[in-house]
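**Q** Start counting the sequence shown at 1; every next residue gets the next number (our numbering). All C-beta atoms, glycine included, are put in the ideal place defined by N, C-alpha and C. I'd like to ask some things about the structure below.
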Amino acid sequence: QRYTLDIFQSVQDEYSHEGIELGEISFADNTEVLRLIEGKIGIISVLNEECVRPKGNDTAFVSKVKTVNSEVTCLISEKLHKPSEFAIEHYAG
Numbered sequence: 001q002r003y004t005l006d007i008f009q010s011v012q013d014e015y016s017h018e019g020i021e022l023g024e025i026s027f028a029d030n031t032e033v034l035r036l037i038e039g040k041i042g043i044i045s046v047l048n049e050e051c052v053r054p055k056g057n058d059t060a061f062v063s064k065v066k067t068v069n070s071e072v073t074c075l076i077s078e079k080l081h082k083p084s085e086f087a088i089e090h091y092a093g
């Protein structure tokens with residue numbers, strides 16, 4: 001979030017300095033996605049834990065991700081997904 005704000009601010013400053021009119025810039029807050037991926041109980045942490053288990057596997061990994069992040073709204077766990085599948089809703093722009 002901080003990086004995005006800094007980049008947009010520098011672009012706005014540059015445009016203003018050059019006399020170019022720039023409308024409002026809006027962007028999605030991706031903090032929740034970053035926490036899901038990199039957080040203390042996020043995907044990377046769970047993956048690291050599952051990789052060191054002697055019989056770790058994809059299904060156990062995905063099950064743990066879904067369980068510990070069940071309240072995270074950007075984690076998508078549909079009934080149509082296989083036990084080894086999940087999705088993340090995010091803004092990639």
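Just how far apart, CA to CA, sit K79 and E18?
**A** 53 Å
**Q** Alpha helix (DSSP H) containing S63: first to last residue?
**A** D58 to V68
**Q** If you scan the stretch 15-54 from start to end, which runs of the alpha helix (DSSP H) of 4 or more residues do you find wholly inside it?
**A** 31-38 and 43-52
**Q** Which term fits I7, buried or exposed, when burial requires 16 or more other beta carbons within 10 angstroms of its beta carbon?
**A** exposed
**Q** By how many angstroms is the C-alpha of N30 removed from the C-alpha of Y91?
**A** 7 Å
**Q** Tell me, please, which residues DSSP counts as bridged to L5.
**A** DSSP, once it has assigned bridges, lists no residue as partnering L5.
**Q** Give me whichever residues DSSP pairs with L103 in a beta bridge.
**A** Residue 103 falls outside the range modelled here, since the chain spans only 1 to 93, and no answer is possible.
**Q** Roughly how many whole angstroms lie between the Cα atoms of V88 and D58?
**A** What sits at residue 88 in the sequence shown is Ile, not Val. When rounded, the distance between both Cα atoms is 17 Å.
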